Amino acid sequence: MEFFIDTADLEQIKIAHSMGILDGVTTNPSLMSTIGIKGKKQIMKHYLDICSIVDGPVSAEVLSTDYKGMVSEGEELNDLHRNIIVKLPMTQDGVKAIRHLSNMGIRTNCTLVFSVGQALVAAKAGATYVSPFVGRLDDVSSDGLSLIKEIKQVYLNYDKCQLDTKILAASIRNQMHIINCAKIGADVITAPLNVLQSLINHPLTDIGMNKFIEDTKKFI
Ligand code: G3P
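Encoded structure:
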C-alpha cells in the first residue's frame with residue numbers, strides 16, 4: 000500500500016517525507032486556500048515546490064468546471080512536472096476530460112467519488128486513480144470503508160486490460176481507516192500528517208520506552 004500525504008503545507012510534507020514512508024502527495028483547492036496560496040503563478044510555483052520535496056505522484060486539481068477548461072488546465076499541469084497527476088472531479092465534464100487526457104497518456108485522479116457506480120465510470124474513462132472519500136461518507140452516517148470494499152470487489156472482477164485504476168482512499172480521518180483500507184487492499188491512502196504519525200504511536204510503546212530509559216541509567 001502506498002502512503003500519500005493530503006496537504007499543501009510544505010513543512011508538513013517535509014516532515015512526512017523525512018519519515019521515509021511517503022510515496023506521494025494529494026492537494027485540493029480547499030487545502031491550497033488554507034495555506035493562503037493565491038493566483039495561478041503562485042499555484043504553479045507551489046506544485047513545483049512540492050515536487051522538489053517528494054519524488055512521487057503529486058495530485059494537482061483543475062480549477063475549471065467545464066470540459067475545455069479542464070483539458071487545457073490538465074495539459075498545462077501535466078507539462079509542469081513529470082510527477083504531476085491531474086485531479087478532476089466526478090462530473091460529466093470531468094469524466095469526458097479524464098477520457099481525453101487518458102487518451103493522451105496523461106495520468107489522472109478522479110476525485111469526489113462516493114459510489115461504486117462513480118468508481119466504475121472513472122475506471123472506464125481511464126483514470127489512473129479513483130478517490131473515494133471515506134470520512135465524508137462516515138460524516139453522513141454512511142459507511143466509507145464499505146465503499147472501498149465494494150470498489151475493490153468490482154475492480155478485481157476484471158483484468159488490467161479492461162479496468163486499470165488504482166483505489167486511492169481519501170478523506171482518511173484516523174488510523175483505523177488506514178488499517179481497514181490495508182485489510183481491504185486499497186492501493187493508496189492519503190491522509191493528513193497527524194493521522195500518518197498516529198500509526199507510529201502506542202501507549203505501551205511509550206511505557207516500554209520510559210522503562211528502558213530508566214533502566215539504562217542504572218548501568219551507564
Ligand atoms: O483528498 C480529499 C480530502 O482532502 C478530503 O478530506 O477530511 O476534507 O473530507 P476531508
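When we follow numbering that gives the first Met the number 0, the leftmost residue of the sequence shown carries the number 0, and every step to the right adds one.
We put the beta carbon where it would ideally sit given N, CA and C, even for glycine.
If you're wondering where the values come from, they're calculated on a predicted model, not measured in any experiment.
Item                                                                                                                                                    : Value
Given 7 angstroms as the limit, tell me if residue 170 has its C-beta closer than that to any heavy atom belonging to the ligand G3P.                   : yes
On the three-pair Cβ rule with 8 angstroms, is the region 152-165 touching the region 119-127?                                                          : yes
Using a threshold of 7 angstroms, is the CB atom of residue 108 nearer than that to any non-hydrogen atom of the ligand G3P?                            : no
In whole angstroms, give me the CA-to-CA distance for residue 72 and residue 206.                                                                       : 52 angstroms
Less than 7 angstroms between the CB of residue 30 and some heavy atom of the ligand G3P, yes or no?                                                    : yes
What separation, rounded to the nearest whole angstrom, lies between the Cα atoms of residue 112 and residue 28?                                        : 16 angstroms
For residue 40, count the other beta carbons within 10 Å of its own beta carbon; 16 or more makes it buried, fewer makes it exposed. Which is it?       : exposed
Can the beta-carbon of residue 186 be found less than 8 angstroms from the beta-carbon of residue 0?                                                    : yes
How many angstroms separate the CA atom of residue 18 from the CA atom of residue 128?                                                                  : 24 angstroms
Do residue 7 and residue 36 have their beta-carbon atoms positioned less than 8 angstroms apart in this structure?                                      : yes
Kindly indicate which three-state DSSP category residue 173 falls into: helix, strand or coil?                                                          : coil
Name the one or two DSSP bridge partners that residue 222 has.                                                                                          : The structure shown does not extend to residue 222, since the chain is modelled only from 0 through 219, so no value can be given for it.
Quick one: Cα of residue 147 to Cα of residue 178, how far?                                                                                             : 12 angstroms
Assign residue 86 to one of two classes, buried (16 or more other C-beta atoms within 10 Å of its C-beta) or exposed (fewer than that).                 : buried
Can the beta-carbon of residue 84 be found less than 8 angstroms from the beta-carbon of residue 108?                                                   : yes
Under the three-state reduction of DSSP, which class applies to residue 28: helix, strand or coil?                                                      : helix
Compute every distance between the C-beta of residue 65 and the non-hydrogen atoms of the ligand G3P, then say whether any falls below 7 angstroms.     : no
Can residue 27 be considered in contact with the ligand G3P, in the sense that its beta carbon sits closer than 7 angstroms to one or more heavy atoms? : yes
Do the region 19-26 and the region 206-216 meet, that is, are 3 or more Cβ pairs less than 8 angstroms apart?                                           : no
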